[in-house]
Amino acid sequence: MSKNRTPKARHRRRRAGLIVGLPLALGAAGVMAYGTTFGVFGEDAAPEASAAGAPAWATAVADGFASVDALGQKGTYGGRGGRTVTVKTLADLEKYATAPEPYVIVVAGTITMNPVGKEIRVASDKTIVGSGTSGHIVGGGFFLGQGVHNVIIRNLTIRDAYQGVWNDKAHDFDAVQMDGAHHVWIDHNDLRHMADGLIDVRKDSTYVTVSWNKLSQNNKTFGIGWTENVVTDITIHHNWIRETEQRNPSTDNAAHAHLYNNFLEDVPGTGITSSYGNYARGRTKMVLENSSFQGVNNPVTKDAAASLVQRGNLFSATAGRNESGGSAFDPKAFYGYTLDKAADVPALLKSGAGPRASIGTASASAATAAATTLTVAQDGSGQYRTVQAAVNAVPVNNPSRVVVQVKPGTYRETVKVPSNKPHVTIQGTGASRKDTVIVFGNAAGMRKPDGSGTYGTPGSATVSVQSDDSQLRNLTVTNDFDEASHQDIANQAVALLTSADRIVLDGVIVNGDQDTLEMETAAKDKLGRVYVTNSYITGNVDFVFGRATAVIDRSVITLKKRWNGTSAGYITAPSTPAGRKGILINRSTVNGDVAAGSFFLGRNWHPGGDTTVDPQATVRNSTLSAAIKTTPWTDMGGFSWKDDRFAEYRNTGPGAGSGASSVDRPQLTDAQAADQKVADWLGGWNPTA
């Protein structure tokens with residue numbers, strides 16, 4: 016930054032572009048954390064449970080066509096951002112499902128519909144998710160009407176509306192019915208034994224994804240269409256469809272129907288015989304990939320006007336029509352996805368489809384299971400030559416940890432781990448953290464190559480981690496922007512940005528000058544915890560900053576001179592939301608080749624003059640060099656640091672002062688310090704687990 020630029024003007028830039036591709040209200044904090052058990056709410060949980068109690072898997076975002084930004088909706092994230100409520104009665108379920116506000120609704124028991132066949136009319140912005148395998152809806156289902164959008168239905172068993180008539184034309188009792196809805200995700204459910212269809216996607220409903228479900232014991236499984244308009248975009252993947260007769264699915268006049276990695280099974284000797292499998296009707300354009308068909312009659316059927324492209328499917332003991340023709344479309348023009356091998360699909364779905372009691376093992380895709388470790392090497396000896404290429408190969412919503420092992424070398428690239436790829440570890444394989452370096456040189460004021468504007472502070476990051484439960488280990492991340500040569504632009508240059516929850520930085524070096532380590536959350540109202548240990552952080556101006564709840568433990572903070580050789584700066588610039596923990600520096604060392612008394616421990620950042628934030632930084636049990644000022648905290652942007660939360664406790668070294676509490680150098684009492692330990696900061700998360 017220019018020496019003459021005021022701090023207030025400087026920090027107004029930071030808010031732009033923090034999360035790319037997701038609305039700020041969503042962000043990354045709740046992407047699929049399969050390790051969470053749905054039973055966390057307990058048997059006696061009240062319907063008024065708070066949002067903080069939501070398991071991360073209950074607040075995930077969709078893949079496939081449901082993830083596409085369209086019709087004014089940016090992807091599908093359900094009730095995320097609203098309160099979490101746990102329900103056990105029909106009255107409570109209907110109350111919250113039909114409410115105008117966003118909710119995450121956790122079904123923690125068996126709810127019987129009254130009357131039989133009742134379909135609750137779900138309103139927009141809802142996640143309805145089962146608690147473990149206990150969430151059952153019996154004798155009815157859900158209806159999503161015209162214009163309803165942003166709805167997720169997950170981990171439920173919806174069953175037994177059957178009225179005794181196999182091809183029932185009198186009772187329209189579906190598990191899930193959509194009439195003109197959009198951006199809907201139906202995932203990891205068990206849908207069976209209903210009076211009509213299991214799923215009906217009708218009347219121009221679009222941007223729908225149906226994934227990892229068990230669909231069984233029904234005549235009509237899954238119908239799509241019932242309109243002359245060719246508008247529906249739908250993704251159907253990783254579903255186990257067994258012992259069903261027709262509509263498996265039937266896709267009528269769909270603009271884009273992408274079916275992949277499904278398992279259609281007709282078991283011989285049972286009372287149910289398949290009439291047909293996947294059917295492209297009307298003017299449908301269908302792409303059918305890497306699915307497995309066992310014992311199914313007429314496994315793939317198309318009308319003369321339909322286009323159907325088949326790739327990589329397997330057929331065993333099938334008979335009758337198996338058709339393809341036309342050009343269809345390229346699904347990757349709309350979204351990314353990873354195919355499992357068709358031969359792996361039956362076993363994969365038998366273990367992974369349907370509701371999960373404790374998500375974490377069964378629903379991993381074969382690609383993830385086979386590639387738990389991805390290797391990066393510049394010389395071609397690994398699977399990938401760049402770190403970003405390996406991250407791109409991680410399946411969306413990967414259910415378990417994927418380790419990207421990076422062989423020694425200097426990788427000049429930017430790396431982003433997006434919010435829909437949790438559980439990613441990027442780990443250097445060298446003997447030292449210095450052996451593996453990821454480096455780039457963007458700055459806030461630099462213009463993007465595509466001409467769309469400047470990067471902004473978060474956009475300048477060399478490495479950006481936007482997904483929960485992700486880690487960096489045993490490597491160096493550097494931003495080497497040449498500040499001296501570019502004083503004409505905003506020169507905040509982030510090395511590492513985190514904007515998610517439960518992030519571990521272990522054994523890393525984070526190098527930069529101004530704004531080295533930015534630790535944010537996915538949105539202002541989201542929790543974002545970061546644990547930094549056994550690491551080195553270098554910089555000079557506000558170089559540890561953001562609104563995250565961050566612990567820097569047993570690490571070294573090295574102070575650097577400015578671009579012009581002068582010694583001046585601030586270590587921390589927290590912008591902590593009120594009621595949250597800010598930045599804790601614990602059992603660490605502050606050093607560096609700078610002048611004595613030239614650095615502040617921190618200053619209070621109120622982004623854009625925000626009066627609602629309550630910045631917090633605590634430095635405790637650490638060794639401070641003589642570079643630290645005797646009055647180590649200072650004001651920023653017209654706000655007094657004394658109105659926010661800054662303190663020390665039992666620091667040592669020449670920069671630690673006398674240790675006596677004063678107005679200019681507040682010290683925690685022993686009682687206060689007992690509430691400001693690492694465990695208090697992390698709030699029940701054990702980053703070593």
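Note that the numbering used here gives residue 259 to position 244 of the sequence shown, counting from 1, and the numbers run on in steps of one. Yeah, the Cβ is synthetic: ideal placement off N, Cα and C, and Gly gets one too.
Verify whether the separation of the beta carbon atoms of Val324 and Asn293 is less than 8 Å. No, the pair does not count as a contact, with Cβ atoms beyond the cut-off.
Rounded to a whole number of angstroms, what is the C-alpha to C-alpha distance between Gln261 and His438? 39 Å
Starting from Gln261, trace the beta strand (DSSP E) in both directions and tell me its first and last residue. Trp255 to Gln261
Sub-8 Å separation of Trp620 and Pro589 beta-carbons: Result yes, Cβ atoms of Trp620 and Pro589 sit closer than 8 Å.
Thinking C-beta only, is Thr531 closer than 8 Å to Thr513? no
Close Cβ partners of Ala270 (< 7 Å) along its chain, the five nearest in sequence each way excluded: Val245, Val246, Thr247, Asp248 and Lys300
Check Tyr111 in the structure and name its three-state DSSP category. In the structure shown, Tyr111 sits in a helix (DSSP, three-state: H, G or I).
Where does Thr645 land, buried or exposed, given buried means 16+ other C-beta within 10 angstroms? exposed
Can you list, in chain order, the residues of its chain whose CB lies under 6 Å from that of Thr604, leaving out five sequence neighbours each side? Val571 and Thr638
Comparing C-alpha positions only, which one of Thr91, Val411 and Gln398 sits nearest to Val199? Thr91
I think Thr236 touches Leu213, with their Cβ atoms under 8 Å apart; what is that distance to the nearest whole Å? 5 Å
For the structure I just gave you, are there three or more beta carbon pairs, one from the stretch 571 to 582 and one from the stretch 665 to 685, closer than 8 Å? By the C-beta criterion, the stretch 571 to 582 is judged not to be in contact with the stretch 665 to 685, since fewer than 3 inter-stretch pairs fall below 8 Å.
Assuming contact is defined by CB atoms lying nearer than 8 Å, are Gly698 and Arg462 in contact in what I supplied? no
Neighbour-count burial assignment, Asp503, 16 or more Cβ in a 10 Å radius: exposed
Taking its Cβ as the centre, do 16 or more other Cβ atoms sit within 10 Å of Val243, making it buried, or is it exposed? It is worth fixing the name first, because residue 243 is Glu in this sequence and not Val. Exposed, since its Cβ has fewer than 16 Cβ neighbours within 10 Å.
Pick out whichever of Gly124, Ile135 and Thr125 has its Cα sitting closest to the Cα of Ala114. Closest option to Ala114, Cα to Cα, is Ile135.
How should Thr684 be labelled, buried or exposed, when 16 other C-beta atoms within 10 angstroms of its C-beta is the threshold for buried? exposed
By Cβ distance below 6 Å, which residues in the same chain neighbour Pro264 in space, the five residues on each side in sequence not counted? Phe237 and Ile239
In whole angstroms, what is the alpha-carbon distance linking Val547 and Val391? 24 Å
Considering only their Cβ atoms, is the gap separating Asn506 from Glu498 smaller than 8 Å? For the pair Glu498 and Asn506, the CB atoms are nearer than the 8 Å cut-off.
Out of Ala190, His164, Asn182 and His273, which has the shortest C-alpha to C-alpha gap to Ser712? In the structure as shown, the chain begins at 16 and stops at 704. Residue 712 is therefore absent and cannot be evaluated.
Along the chain, which unbroken stretches of the beta strand (DSSP E) at least 3 residues long are found entirely within the stretch 566 to 628? 571 to 574, 584 to 589, 598 to 601, 604 to 606 and 614 to 618
Which residue marks the beginning of the beta strand (DSSP E) containing Ser226, and which one marks its end? Thr221 to Ser226
Look up Ala508 in the DSSP assignment and say whether it is helix, strand or coil. coil
Val406 - DSSP class collapsed to helix/strand/coil: Secondary structure of Val406 (DSSP, three-state): helix.
Cβ separation of Asp78 and Thr224, assumed to be a contact under 8 Å, to the nearest whole Å: Confirmed, Cβ separation roughly 6 Å.
By DSSP's criteria, Asn526 is part of a beta bridge. Which residues make up the other side? Thr493
Which of the three DSSP states, helix, strand or coil, is assigned to Val360? helix
In this structure, what does DSSP give as the bridge partners for Gln682? Within the DSSP secondary-structure output, Gln682 pairs in a beta bridge with Glu663.
For the stretch 148 to 157 against the stretch 173 to 185, are there 3 or more C-beta pairs whose distance is under 8 Å? With the cut-off at 8 Å, the stretch 148 to 157 and the stretch 173 to 185 touch.
Given a cut-off of 8 Å on the beta-carbon distance, is the pair Ala372 and Leu389 in contact? With contacts defined by Cβ atoms closer than 8 Å, Ala372 and Leu389 do not form a contacting pair.
Measure the alpha-carbon distance for Trp700 versus Gly145 and round it to whole angstroms. 23 Å
How is Val693 classed by DSSP in three states: helix, strand or coil? DSSP places Val693 in helix when its eight states are reduced to three.
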